[in-house]
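Chemist:
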Amino acid sequence: MKKLINDPANVVPDALRGIAAAHPELRVDHENRLIIRGDAPVRGKVGLVSGGGSGHEPLHGGFVGPGMLDAACAGEVFTSPVPDQMLAATKAVDGGAGVLHIVKNYTGDVMNFEMAAELAEAETGVQVVSVVTDDDVAVQDSLYTAGRRGVGVTVLVEKIAGAGADQGRSLSEVADLAKKVNDNGRSMGLALTSCTVPAAGKPTFDLPDDQMEIGIGIHGEPGRRRVPLAPASEVAEMLVSPILADLDFTGGDGVIAFVNSMGATPLIELYVMYNEIAAILAKAGVTVARSLVGPYITSLDMAGCSVTLLKVDDELLRLWDAPVNTAGLRWGA
Amino acid sequence: MKKLINDPANVVPDALRGIAAAHPELRVDHENRLIIRGDAPVRGKVGLVSGGGSGHEPLHGGFVGPGMLDAACAGEVFTSPVPDQMLAATKAVDGGAGVLHIVKNYTGDVMNFEMAAELAEAETGVQVVSVVTDDDVAVQDSLYTAGRRGVGVTVLVEKIAGAGADQGRSLSEVADLAKKVNDNGRSMGLALTSCTVPAAGKPTFDLPDDQMEIGIGIHGEPGRRRVPLAPASEVAEMLVSPILADLDFTGGDGVIAFVNSMGATPLIELYVMYNEIAAILAKAGVTVARSLVGPYITSLDMAGCSVTLLKVDDELLRLWDAPVNTAGLRWGA
Amino acid sequence: MNAAVLTAWLTEFARLVSSHRDLLTELDSAIGDADHGSNLDRGMTAVLATLEKESPPTPAAVLKRTGMTLVSTVGGASGPLYGTAFLRMATAAGDDDTLDGPGFAKALRAALDGVVARGKAVAGDKTMYDALAPAVDALDAALADGQPFDEAIDAALRAAEQGREATTPMVARKGRASYLGERSAGHQDPGATSVTFLIAAAAATLSG
Amino acid sequence: MNAAVLTAWLTEFARLVSSHRDLLTELDSAIGDADHGSNLDRGMTAVLATLEKESPPTPAAVLKRTGMTLVSTVGGASGPLYGTAFLRMATAAGDDDTLDGPGFAKALRAALDGVVARGKAVAGDKTMYDALAPAVDALDAALADGQPFDEAIDAALRAAEQGREATTPMVARKGRASYLGERSAGHQDPGATSVTFLIAAAAATLSG
Ligand SMILES: Nc1ncnc2c1ncn2[C@@H]1O[C@H](COP(=O)(O)OP(=O)(O)O)[C@@H](O)[C@H]1O
Ligand SMILES: Nc1ncnc2c1ncn2[C@@H]1O[C@H](COP(=O)(O)OP(=O)(O)O)[C@@H](O)[C@H]1O
Ligand SMILES: [Mg+2]
Ligand SMILES: [Mg+2]
Ligand SMILES: [Mg+2]
Ligand SMILES: [Mg+2]
């Protein structure tokens, strides 16, 4: 395992200390492993809390700041945070208008956030609403399973719900907005290499030199199938086709096209992919209104990428364009 | 070789098409492989042109936009662009106040930019001044050698000179500013893995699983020495000590501390490194005024990182904080 | 079984988890995210520290501190599941200073109910349920059959082991392994494996 | 030597570069950035296309188009260096329809001067200079000695080869290899290798 770390057991607290040192505008609660806006709680504003296992940086801590999250809970690498953390975060950001929990759909995350919401309402009376993201078309959905994973759309939910909260919308309105983004977003990812969990010390899965995994998540979970390496043009098809098959993205005000690095894939490759994806979308009659290209929701040192499409209307576009000022996403501010 | 590309020979034009598709605010000249501000030339403003081999993204094309570069020339992967490109870029951004060429100190880059400047003045009468960056303390400097490489400080030069040009400073003033940044900046890098040049198809150097290369550049050049893998705390020492030994960074208004990913090292590790670096600086009496943490000047898919320190005064800090609006660096705008 | 005996049980469980940490993570690598071993080990290490520091006086107090500590330190799916299981056990144990065999069996059934309430798993979903449920059923059946606790808990362990083995061919429908669809078949479930250690620890340390 | 003969020389050089492309890149991997083979191959492929399309009438015209094409397509260090070399050769060749042996030697010396003017290399810096300079010196010396061109250019090739071999133990002081300091010793210089192909192509195709 080649990583720039100290003791694998301390990766998360060490990184949190680095974040605190690099971003004086943020407040880091090392005891509870929280990253909080320096000016929290913002009076009268709905508070936005998210969180999850670490290893997906900049998600979520990098999205804390004006226009996006109020706090993020950092779990162990790839392990949902515990209810105590979410409870502390909820208390820290409650400005009197209630708190929205943005939860990626993983059994652990859902259960821990659920316990936290129960505790928050019981212990503090803070009103908590949870929105679960589940945009990964690689996972066959069904009533009897854990359902789809929450992946790329989570970034877009945090941005757009954050903008809605900034406008002074109510808790239920912000929750509806978050749900609307989730409902209109779909993602699909692929891995060229496995990631290595620091505590495990070796790659989560073996992937031969001439193969890639299609339909991976962001936790080094193996994907749905293994296929031979292919040129970017074919890879783009493998990612975009299932997305377009799952939801009609034509018409309206177009889409936000988000091409994401899994961590070890550099920007030059993402742009090669973006070119292919844009061509497929054009052919399918899908208009790209905005784009986002870069490492925003990663899986440690995994090479690969994911594509997220979000169908937007005028409202979502305006909220997307609204100022945001975080370490990981910043414009208009 | 596992990469999200099509034909290795077309990586640069393919990526440029992706950049054009993703960033409608930029103008991409595919023939000359240029990325140009959509509103270039800006009347009365000194034009800033940089460029170099591709594979360092977001450098340089990701730094084209208000507050930073006016144009970037994209060479083949790790190969300096040719004079024709720089000449075309110079013509495209000349707003009547002359053009600054920001050149990383590599024999090829320096010679090609030199020829371009000669051609520009001869063919068009545009006044061109070149500033060469050479901040890499891993390279022993001497009168008889090619000198130090230009690495991380180039990002800071482009930002700060860009802000100076925005203020309406003259060509010689902007050039002086760029030189001032270069003179006050020092960098040192390390690789955990080699990168793979697409056209070569295999890693540039072999690095055993338990070793790392200290003092690497950004082109997969082997470093100065190989050492056993070490914890982040020791790695930070190896990077920061030679920088501090080369220039006195204490006093004044502190430093901008820039911790950069070589491409495949994810943010979580950069923050672990930042924590160690901040501790070393604090112990050495060096005050951090600003920080920048992320992949800004990469080496394809190399895992590793570099540290750049820039000694700042009030003027440099104000220019650093000035608005910038590019794909790769954005704030206040 | 008093507080000390239950603490011995948990200590043995912690030892088994710790010594099989890599196995659990390995199983979780194949169909999950390679952290079940470190998750549970972190949690049980914290539990032992808490119990040592606080020496809770009653079985219920031991079980409650265990559940709360697991909830607060494990995270992931197994944190709330194991945590809820122990919290429900604590409630079922009541305020007495000791638990007898049937009391323990009742508490273990409450643990199972807690896992179901929290995780909504049913038989055949390829989760810890598939080892825990047969164990609880076997324990109840053996005790109802008049067998002594020592034999009943051994029967529970055999049932857990069989349930654990039975997870291998299953196609997961809950938890992270469900994302793999058909590809999850052919791998033993990590949670079913760890919960079998819990029963093995009981068989090794408890007697009615 | 007329335009056609010089074109044959460049065609042979392009062939050698293309067939040794991987070798050149391999050498550049060890002490550089793994692109010398693809750089020169890209450039010489463009040169052949240009010469085919334009059929420049005189030696000077052939050399000038070659230099300009290399400057415009190669980039890196070798683009300006090879480009300047050919542009200086063109100037030295004058306007005549043919070059004789001494004329070619004069042009090759101008090429060397161009490399020095552009790159400031001196002997022992571990660059293409270390193969080109001995070749130029040997060619001049042999012609001055009264040897026929065919023998003189063979002598130049042997000198280039010796010069190329001599780069191996050198510690680089110019170009990318200089960053390696002492570690650059023990590796043959890529540019000295490619420039030896240039002389080998001359020995194979030119006669005075
Ligand atoms: N809904 C559920 N009900 C019961 N057990 C579950 C459920 N989801 C997951 N599990 C159990 O949790 C185990 C995984 O635990 P762990 O790896 O610690 O958590 P995570 O999946 O969050 O990484 C699985 O092997 C499975 O036995
Ligand atoms: N200053 C110089 N003078 C002469 N030759 C040089 C100089 N710098 C580099 N070279 C030659 O250029 C070769 C490398 O060319 P190439 O790999 O194409 O360019 P780059 O180094 O820009 O990648 C070296 O092997 C060396 O022979
Ligand atoms: Mg997990
Ligand atoms: Mg090069
Ligand atoms: Mg797991
Ligand atoms: Mg080279």
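Protein chains in written order, with my numbering: chain A, 26 to 358; chain B, 26 to 358; chain C, 1158 to 1365; chain D, 1158 to 1365.
Even glycine gets a Cβ: it sits at the ideal position worked out from N, Cα and C.
Would you kindly work out how many angstroms separate the C-alpha atoms of Gly1236 (chain D) and Asn137 (chain B), rounded to a whole number?
Modeler: Taking the straight line from one Cα to the other gives about 8 angstroms.
Chemist: Measuring from the CB of Asn1196 (chain C), is there a heavy atom of ligand 3 at a distance below 8 angstroms?
Modeler: Asn1196 (chain C) Cβ: within cutoff of ligand 3.
Chemist: Just to confirm, does Gly1233 (chain C) get its C-beta within under 8 angstroms of one of the non-hydrogen atoms of ligand 3?
Modeler: Gly1233 (chain C): yes, Cβ under 8 angstroms from ligand 3.
Chemist: If we call anything under 9 angstroms between Cβ atoms a contact, is Val164 (chain A) one with Gly80 (chain A)?
Modeler: Taking 9 angstroms as the Cβ cut-off, Val164 (chain A) and Gly80 (chain A) do not qualify as a contacting pair.
Chemist: Using C-beta distances below 8 angstroms, list every residue in its chain close to Val349 (chain B), excluding the 5 sequence neighbours before and after it, in chain order.
Modeler: Excluding positions up to five away in sequence, the list reads Gly90, Pro91, Gly92, Met93, Lys184, Gly187, Ala188, Arg355, Trp356, Gly357 and Ala358.
Chemist: How should Asp227 (chain B) be labelled, buried or exposed, when 16 other C-beta atoms within 10 angstroms of its C-beta is the threshold for buried?
Modeler: Position check: residue 227 (chain B) holds Lys in this sequence, whereas Asp was assumed. So Lys227 (chain B) counts as exposed.
Chemist: Given that a residue counts as buried once 16 or more other Cβ atoms are within 10 Å of its Cβ, and exposed if not, what is Gly172 (chain B)?
Modeler: Looking at its Cβ environment, which holds 16 or more other Cβ atoms inside 10 Å, Gly172 (chain B) is buried.
Chemist: Starting from the beta carbon of Arg251 (chain A), find every residue of chain B whose beta carbon is closer than 9 angstroms, and list them in chain order.
Modeler: Those within 9 angstroms of Arg251 (chain A) in chain B number zero; the least Cβ separation is about 13 angstroms.
Chemist: Run the CB neighbour count on Asp1192 (chain D), radius 10 Å, all protein chains shown included, and call it buried at 16 or more, exposed below.
Modeler: Buried, because 16 or more other Cβ atoms sit within 10 Å of the Cβ of Asp1192 (chain D).
Chemist: Are there any heavy atoms of ligand 2 lying less than 8 angstroms away from the beta-carbon of Ala141 (chain B), as far as the coordinates show?
Modeler: Because no heavy atom of ligand 2 lies under 8 angstroms away, the Cβ of Ala141 (chain B) does not count as near it: no.
Chemist: With 9 angstroms set as the bound, which would you pick, yes or no: does the beta-carbon of Ala1191 (chain D) sit closer than that to a beta-carbon of chain B?
Modeler: Closer than 9 angstroms to some Cβ of chain B, the Cβ of Ala1191 (chain D) qualifies, so yes.
Chemist: Could you check whether Glu294 (chain A) and Ile412 (chain B) sit closer than 9 angstroms to each other, using their CB atoms as the reference points?
Modeler: One cannot answer for residue 412 (chain B) here, as it falls past the ends of chain B, which runs 26 to 358.
Chemist: Classify Lys336 (chain A) as helix, strand or coil using the three-state DSSP reduction.
Modeler: If DSSP states are grouped into helix, strand and coil, Lys336 (chain A) belongs with the strands.
Chemist: Hey, does Val243 (chain B) have any beta-carbon neighbour from chain A nearer than 9 angstroms?
Modeler: The sequence given here places Ile at residue 243 (chain B); Val does not occur at that position. It does not; no Cβ of chain A falls within 9 angstroms.
Chemist: So, with DSSP's three-state summary, where would you put His126 (chain A)?
Modeler: In the structure shown, His126 (chain A) sits in a strand (DSSP, three-state: E or B).
Chemist: Residues of chain C with CB under 8 angstroms from Ser79 (chain A), in chain order?
Modeler: Those do not exist, as Ser79 (chain A) stays about 10 angstroms from chain C at its closest Cβ, beyond 8 angstroms.
Chemist: Near Gly76 (chain B), what residues of its chain come up, given a Cβ to Cβ distance below 6 angstroms and the 5 sequence neighbours on each side ignored?
Modeler: Excluding sequence neighbours, Gly76 (chain B) sits near His85, Ala97, Cys98 and Pro106.
Chemist: Below 8 angstroms on the Cβ atoms is my contact criterion, and I expect Thr1241 (chain D) with Arg1275 (chain D) to pass it. Report the Cβ-Cβ distance as a whole number of Å.
Modeler: About 4 angstroms separates the two Cβ atoms, so the contact holds.
Chemist: At a Cβ threshold of 9 angstroms, is Thr170 (chain B) touching chain D?
Modeler: So, interface residue.
Chemist: Between the region 298 to 314 of chain A and chain B, which residues of the former have a C-beta closer than 7 angstroms to a C-beta of the latter?
Modeler: So the list reads Met298, Tyr299, Asn300 and Ala303, given in the order they occur along the chain.
Chemist: List, in chain order, every chain C residue whose beta-carbon is nearer than 8 angstroms to that of Ser105 (chain A).
Modeler: Correct list: Gly1232, Gly1233, Ala1234 and Gly1236.
Chemist: Give the single residue among A:Met140, A:Phe283, A:Ala47 and A:Asp160 whose Cα lies nearest to the Cα of Asp271 (chain A).
Modeler: Nearest of A:Met140, A:Phe283, A:Ala47 and A:Asp160 to Asp271 (chain A), Cα basis: A:Asp160.
Chemist: Enumerated in chain order, which unbroken segments of the alpha helix (DSSP H) with a length of 4 residues or greater are wholly contained in the region 234 to 315 of chain B?
Modeler: Counting only runs of 4 or more, we get 257 to 271 and 292 to 308.
Chemist: Give the single residue among B:Val332, B:Ser286, B:Glu238 and B:Glu262 whose Cα lies nearest to the Cα of Pro253 (chain B).
Modeler: When each option's Cα is compared against that of Pro253 (chain B), the closest is B:Glu238.
Chemist: Residues in its own chain within less than 8 angstroms of Val222 (chain A) by CB, not counting five upstream and five downstream?
Modeler: Closer than 8 angstroms at Cβ, skipping near neighbours: Gly80, Val102, Phe103, Thr229, Gly245 and Leu325.
Chemist: Can you tell which of B:Phe88, B:Ala261, B:Ser195 and B:Gln192 has its C-alpha closest to the C-alpha of Glu50 (chain B)?
Modeler: Comparing Cα positions, the closest option is B:Phe88.
Chemist: Take Ala224 (chain A) as the anchor and find which of C:Ala1329, C:Asp1185 and C:Asp1297 has the nearest alpha-carbon.
Modeler: The shortest Cα separation from Ala224 (chain A) among C:Ala1329, C:Asp1185 and C:Asp1297 belongs to C:Asp1185.
Chemist: With H, G and I counted as helix, E and B as strand and the rest as coil, what does DSSP make of Gly72 (chain B)?
Modeler: Strand at Gly72 (chain B).
Chemist: Determine, using beta carbons only, whether Leu1309 (chain D) and Leu1296 (chain D) come nearer to each other than 9 angstroms.
Modeler: Per the sequence presented here, residue 1309 (chain D) reads as Ala, with Leu not at that position. Result yes, Cβ atoms of Ala1309 (chain D) and Leu1296 (chain D) sit closer than 9 angstroms.
Chemist: Note down, in chain order, every chain A residue with its Cβ under 9 angstroms from the Cβ of Asn57 (chain B).
Modeler: Per Cβ cutoff of 9 angstroms: no residues; Asn57 (chain B) is ~18 angstroms from chain A at best.
Chemist: Residues of chain C with CB closer than 9 angstroms to the CB of Val222 (chain A), please, in chain order.
Modeler: The answer, in chain order, is Thr1182, Ser1186, Asp1190, Ala1191, Asp1192 and Ser1195.
Chemist: Spatial neighbours of Met1158 (chain C) within its chain, please: C-beta separation below 7 angstroms, excluding the five flanking residues on both sides.
Modeler: Counting only Cβ-Cβ distances below 7 angstroms, and skipping sequence neighbours, we find Pro1216, Thr1255, Leu1256, Phe1261 and Leu1363.
Chemist: If you measure from the beta carbon of Arg52 (chain B) to each beta carbon in chain A, is any gap under 9 angstroms?
Modeler: By this cut-off, Arg52 (chain B) is not an interface position.
Chemist: Check whether the region 61 to 75 of chain B and the region 289 to 306 of chain B touch, using three or more Cβ-Cβ pairs below 8 angstroms as the test.
Modeler: Contact fails: fewer than three Cβ-Cβ distances are below 8 angstroms.
Chemist: What is the DSSP secondary structure of Arg1199 (chain D), counted as helix, strand or coil?
Modeler: Residue state, collapsed to three classes: helix.
Chemist: Shorter than 8 angstroms, the distance from the beta carbon of Arg1333 (chain D) to the closest heavy atom of ligand 2, or not?
Modeler: Yes - ligand 2 has a heavy atom lying nearer than 8 angstroms to the Cβ of Arg1333 (chain D).
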